[in-house]
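See below for the structure under consideration.
Protein chains: 2
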Amino acid sequence: MKHTKIKDLLAGSNLLQEVVAKGWVRTFRNNQFIALNDGSTIHNIQCVLELDAFPEETIKRITTGAAISVKGTLVESQGKGQKYEIQANTLEILGDSDAEKYPIQPKKHSLEFLRENAHLRIRTNMFGAIMRVRSTLSYAVHKYFQDNGFFYVNTPIITGSDAEGAGEMFQVTSLPLDGSAPKNEDGSINYKEDFFGKHTNLTVSGQLEGEAYAMALGSIYTFGPTFRAENSNTSRHLAEFWMIEPEVAFNNLDDNMDLAEDFIKFVIKYTVEKCEDDLLQLEARLIDEEKSKPQADRSEMTLMEKLKFVMENNFKRVSYTEAIDILKGSKPNKNKKFQYLIEEWGADLQSEHERFLVEKHFKCPVILFDYPADIKSFYMRLNDDGKTVRAMDILFPGIGEIVGGSQREERYDVLVEKMQALNIPEEELWWYLDTRKFGSAVHSGFGLGFERLVLFVTGMTNIRDVIPFPRTPQNAEF
Amino acid sequence: MKHTKIKDLLAGSNLLQEVVAKGWVRTFRNNQFIALNDGSTIHNIQCVLELDAFPEETIKRITTGAAISVKGTLVESQGKGQKYEIQANTLEILGDSDAEKYPIQPKKHSLEFLRENAHLRIRTNMFGAIMRVRSTLSYAVHKYFQDNGFFYVNTPIITGSDAEGAGEMFQVTSLPLDGSAPKNEDGSINYKEDFFGKHTNLTVSGQLEGEAYAMALGSIYTFGPTFRAENSNTSRHLAEFWMIEPEVAFNNLDDNMDLAEDFIKFVIKYTVEKCEDDLLQLEARLIDEEKSKPQADRSEMTLMEKLKFVMENNFKRVSYTEAIDILKGSKPNKNKKFQYLIEEWGADLQSEHERFLVEKHFKCPVILFDYPADIKSFYMRLNDDGKTVRAMDILFPGIGEIVGGSQREERYDVLVEKMQALNIPEEELWWYLDTRKFGSAVHSGFGLGFERLVLFVTGMTNIRDVIPFPRTPQNAEF
Chain A
20 MKHTKIKDLL AGSNLLQEVV AKGWVRTFRN NQFIALNDGS TIHNIQCVLE
70 LDAFPEETIK RITTGAAISV KGTLVESQGK GQKYEIQANT LEILGDSDAE
120 KYPIQPKKHS LEFLRENAHL RIRTNMFGAI MRVRSTLSYA VHKYFQDNGF
170 FYVNTPIITG SDAEGAGEMF QVTSLPLDGS APKNEDGSIN YKEDFFGKHT
220 NLTVSGQLEG EAYAMALGSI YTFGPTFRAE NSNTSRHLAE FWMIEPEVAF
270 NNLDDNMDLA EDFIKFVIKY TVEKCEDDLL QLEARLIDEE KSKPQADRSE
320 MTLMEKLKFV MENNFKRVSY TEAIDILKGS KPNKNKKFQY LIEEWGADLQ
370 SEHERFLVEK HFKCPVILFD YPADIKSFYM RLNDDGKTVR AMDILFPGIG
420 EIVGGSQREE RYDVLVEKMQ ALNIPEEELW WYLDTRKFGS AVHSGFGLGF
470 ERLVLFVTGM TNIRDVIPFP RTPQNAEF
Chain B
20 MKHTKIKDLL AGSNLLQEVV AKGWVRTFRN NQFIALNDGS TIHNIQCVLE
70 LDAFPEETIK RITTGAAISV KGTLVESQGK GQKYEIQANT LEILGDSDAE
120 KYPIQPKKHS LEFLRENAHL RIRTNMFGAI MRVRSTLSYA VHKYFQDNGF
170 FYVNTPIITG SDAEGAGEMF QVTSLPLDGS APKNEDGSIN YKEDFFGKHT
220 NLTVSGQLEG EAYAMALGSI YTFGPTFRAE NSNTSRHLAE FWMIEPEVAF
270 NNLDDNMDLA EDFIKFVIKY TVEKCEDDLL QLEARLIDEE KSKPQADRSE
320 MTLMEKLKFV MENNFKRVSY TEAIDILKGS KPNKNKKFQY LIEEWGADLQ
370 SEHERFLVEK HFKCPVILFD YPADIKSFYM RLNDDGKTVR AMDILFPGIG
420 EIVGGSQREE RYDVLVEKMQ ALNIPEEELW WYLDTRKFGS AVHSGFGLGF
470 ERLVLFVTGM TNIRDVIPFP RTPQNAEF
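Sequence order for the protein chains is A and B.
Each step along the first sequence adds one to the number in this note's numbering, with nothing skipped, and position 254 is 273.
Each step along the second sequence adds one to the number in this note's numbering, with nothing skipped, and position 448 is 467.
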């Protein structure tokens, strides 16, 4: 007999009928009540065993983590805490779980311990909820773009370009590292002998290729893994993370801001609707965690309130120049509480400044735009003032930068001049320059770090906890 | 004034109103008729210029590939070939395209030439159609799984494991290749000094991690890039390709076949419904191409007929043993036309055998199952006969293997024994073995090479033409 997912059983389908549930034992109380979970929902189904109806040998094997199959009648529950339960007739142990050795005990584990057991942490309520939310957010991303006429583009992961300009890169090679790799006459490595016939890296961004596609398909988006070989051991950085990069022909920076804001609101709304149970669980976890903090450090809003706030309020749009004025006159700047004091226009904003703007000053998501050209990438559209570019960053409370984007420099001459000033070889980006040579047009796009979005929506604080198997310096386990 | 996508204009919205269209000029006839495309659809909108209403200077700049903006009235067309057209009032050149230099001329280019211009080939009808179909197929993949209670899992791209067992791997490193990388006392590279503190590669499959997730969430799927460092310069192989890998707890091999067949039929059906115009264009291309072939070499079915055939007919399920019997007695085997003659049970099937079974013998998609253990991976479930495993491959006409899957070996002892026989170190897969130690259960999954599916649906024959920027030996351009 085919089993039914616990999510469907708990929705009351098959009431008073014989059903089969399969899953993993979460708890077993009084030799009678099994809380069974199959991952389809955060909720367990209670399976009730009649006392003495099952051999002791079987009862002993109903341990936390064991996989079992239960056949019985789905009935309305008399007990508290659940609407329906299964009155078990037969029970089969599919896979044992040695209660002494199973790492995931029915108690609170530290997040660090769970990271070391990333293959099993998904069997906890918390990580089940996080990963279901992550999956739903992913789907919302695709749904938003597809429903709005965007085409999904898989830009390359292995790139022969060093000029993507977003950070340190990992090398990809088939050559040996022991010094025996073929060399040129000048002693440098002869990459013609490598697999791709050139030096290759893992991509840091699909933007440049995405632009080429936008200049043909109109509206495109990427959603794939990107990489940074930066030794940043922080709670906000991963060496391997997933990024979403839409790019739209004929969009200017205002259109770009509208798109980013509408997109973020949609995916959060969709996820709140689809994952209410999981989010309530994560909210309860946060409330519980906050109890140990002094009143002043607790959040003003619950997780759901915070998500609702983002959905329902306009993001504040502030130019870099305005932001600098606010920061210059701010208390932490005057009292020298910032680690990097803001003294003049042109300063790069640090995380502490972004957080001040978002969390203390505006108390809502903020879009900063029109940054100094000197602190931004070569491909951003130069404003008529000659010193700022049409860049935008979206800053979120508790997260910092979640989106970075810009209107792109569509003028061939200006772009070439900028590349020359930065020593970016034209030969390497010949194809990118072609898009400005043949039918160039205003276009804009942005990149959104997916894990930062998952952090925000789940209320988690360490980015290692919102991706299944995190890659960070000195860590590529599993 | 905001522009409207050409797809919407051609659907007749805004009829008799003033509209703005933006896009790239495909052709310009008689100094009067512009065929404008913006990538939103395969169809161009005709923009009609009143003779002598525009300065000659502007008219000259309306060249193939130029980006323009046209404002005018959307009217019913009096001409043939289109229902609606724009009577242009104003026209702006957004970006010129030097007619002498623009590589994509309004004529037939070779596929090889277009590959060398992968950043511009997307501006042709053919590649616009292919990439819109690819995008729609991608979305259908997500839609199928999400609608059926599967969770999307991003398994790691950078892996510390050499034991994924699906092929040659690319190394990922931050160490120098010139011989100066830190070494151990025995002269080997000291990978503790590499970024991740160990030797790392690009993943060849997310299956093992996917299994760990299925053993907690029940039904999961991956959809991400995978890599093979194999020097296969064929029309069916890429060094970087996208793979879909569902994994389902409690599914046996029959369930697995049902899932794969249902899934493939759904994504094709969805795409045929959403991309009819693009597919008809690709079908017309094929019909045109076939005209130059002798009658005997032409397809029996058009592209649409072939897709309909797959949607509407059951895949033939055949055991490896039956297949060997068929092949042994087949004409090409008896007449020694096969390069590799089938002489006895246990032989690995080559592409020529698979194609014979699918294209000549059964003439429909075929699921082969229960392969000899010796020619399949360590993680496949051993049958009671002790010599076959619960493996399955799905073979498609013109494509060959499109799916490879299996019921997984869920028995700890049997799995360990198999790993030992193949010298796969247990320390490396300790976490994978944990899934068999704690609450193991029957489970199954498969991998589907996404580009092969796109090949099948678009009727293209070279896999380099169905991914935006292909990575193959000696080629990582763009």
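In this text, a Cβ means the ideal position worked out from N, Cα and C, and glycines have one as well.
- Per DSSP, reduced to three states, the secondary structure at residue 492 of chain B is coil, with no helix or strand assignment.
- If you look at residue 351 of chain A, you'll find it in the alpha helix (DSSP H) that goes 350 to 353.
- Using a 10 angstroms sphere on the CB of residue 433 of chain B, the tally of other CB atoms stays under 16, which defines it as exposed.
- Across the set B/295, B/321, B/315, the C-alpha of B/321 shows the shortest separation from the C-alpha of residue 307 of chain B.
- Taking all protein chains shown into account, residue 325 of chain B has 16 or more neighbouring C-beta atoms within 10 Å of its C-beta and is therefore buried.
- Under a 10 Å Cβ-count criterion, residue 175 of chain B is classified as buried, with 16 or more other Cβ atoms of the shown protein chains found around its own Cβ.
- The beta-bridge partner set that DSSP reports for residue 337 of chain B consists of B/387.
- Taken in chain order, the members of the stretch 37 to 62 of chain B whose beta-carbon sits within less than 9 Å of a beta-carbon on chain A are 41, 42, 43, 44, 56, 57, 58, 59.
- Looking at the backbone, the Cα of residue 413 of chain A and that of residue 76 of chain B are separated by about 43 Å.
- Within the same chain, 279, 413, 465, 467 come within 6 Å of residue 422 of chain B by CB-CB distance, once the 5 residues on both sides are set aside.
- Within a 10 Å sphere around the beta-carbon of residue 356 of chain A sit fewer than 16 other beta-carbons, which makes this residue exposed.
- At least one beta carbon of chain B lies nearer than 7 Å to the beta carbon of residue 269 of chain A.
- Cβ-Cβ distances below 7 Å link residue 338 of chain A to 388, 389 in the same chain, with the five nearest sequence neighbours on each side left out; the list follows chain order.
- Contact annotation: residue 245 of chain A and residue 222 of chain A have beta-carbon atoms nearer than 7 Å.
- Secondary structure at residue 439 of chain A: helix, using DSSP grouped into helix, strand and coil.
- Against chain A, the beta carbon of residue 142 of chain B has neighbours under 7 Å at 235, listed in chain order.
- Taking a cut-off of 8 Å for Cβ pairs, the stretch 145 to 163 of chain B and the stretch 480 to 492 of chain B touch, as three or more such pairs fall below it.
- Cα atoms of residue 225 of chain A and residue 180 of chain A: separation of roughly 11 Å, rounded to the nearest angstrom.
- Shown in chain order are the members of the stretch 204 to 215 of chain B whose Cβ falls below 7 Å from a Cβ of chain A: 208, 214, 215.
- Residue 427 of chain B is positioned such that its CB atom lies closer than 7 Å to that of residue 462 of chain B.
- Residue contact with chain B for residue 194 of chain A: present (Cβ-Cβ distance below 7 Å to some residue of chain B).
- Per the Cβ contact rule, the stretch 451 to 462 of chain B is in contact with the stretch 135 to 143 of chain A (3 or more Cβ pairs under 8 Å).
- Spatial neighbours of residue 93 of chain B in its own chain (CB-CB distance under 7 Å, excluding positions within 5 residues in sequence) are listed in chain order as 28, 33, 34, 35, 36, 38, 103, 105.
- Nearest to residue 473 of chain B by C-alpha distance, out of B/58, B/283, B/251, is B/283.
- A distance of 7 Å or more separates the beta carbons of residue 248 of chain A and residue 330 of chain A.
- For residue 261 of chain B, no alpha helix (DSSP H) encloses it; the enclosing beta strand (DSSP E) starts and ends at 259 to 268.
- Nearest in C-alpha terms to residue 117 of chain B, of all of A/457, A/491, A/301, is A/457.
- By the Cβ-count criterion, residue 70 of chain B is exposed, with fewer than 16 other Cβ atoms from all chains shown falling within 10 Å of its own Cβ.
- For residue 52 of chain B and residue 288 of chain B, the gap between their C-alpha atoms comes out near 37 Å.
- Beta-bridge partners assigned by DSSP to residue 55 of chain A: A/44, A/64.
- DSSP, read as helix, strand or coil, puts residue 427 of chain A in strand.
- For residue 303 of chain B, the enclosing alpha helix (DSSP H) starts and ends at 295 to 309.
- Counting along the chain, no beta strand (DSSP E) covers residue 147 of chain B; the unbroken alpha helix (DSSP H) around it starts and ends at 144 to 166.
- For the stretch 450 to 467 of chain B, the residues whose beta carbon sits under 9 Å from a beta carbon of chain A are, in order, 450, 451, 453, 454, 455, 456, 457, 458, 459, 460, 461.
- Excluding the 5 residues flanking it on each side, residue 373 of chain A has same chain C-beta neighbours closer than 7 Å at 414, 419, 420, in chain order.
- Here DSSP, grouped into helix, strand and coil, assigns residue 370 of chain B to helix.
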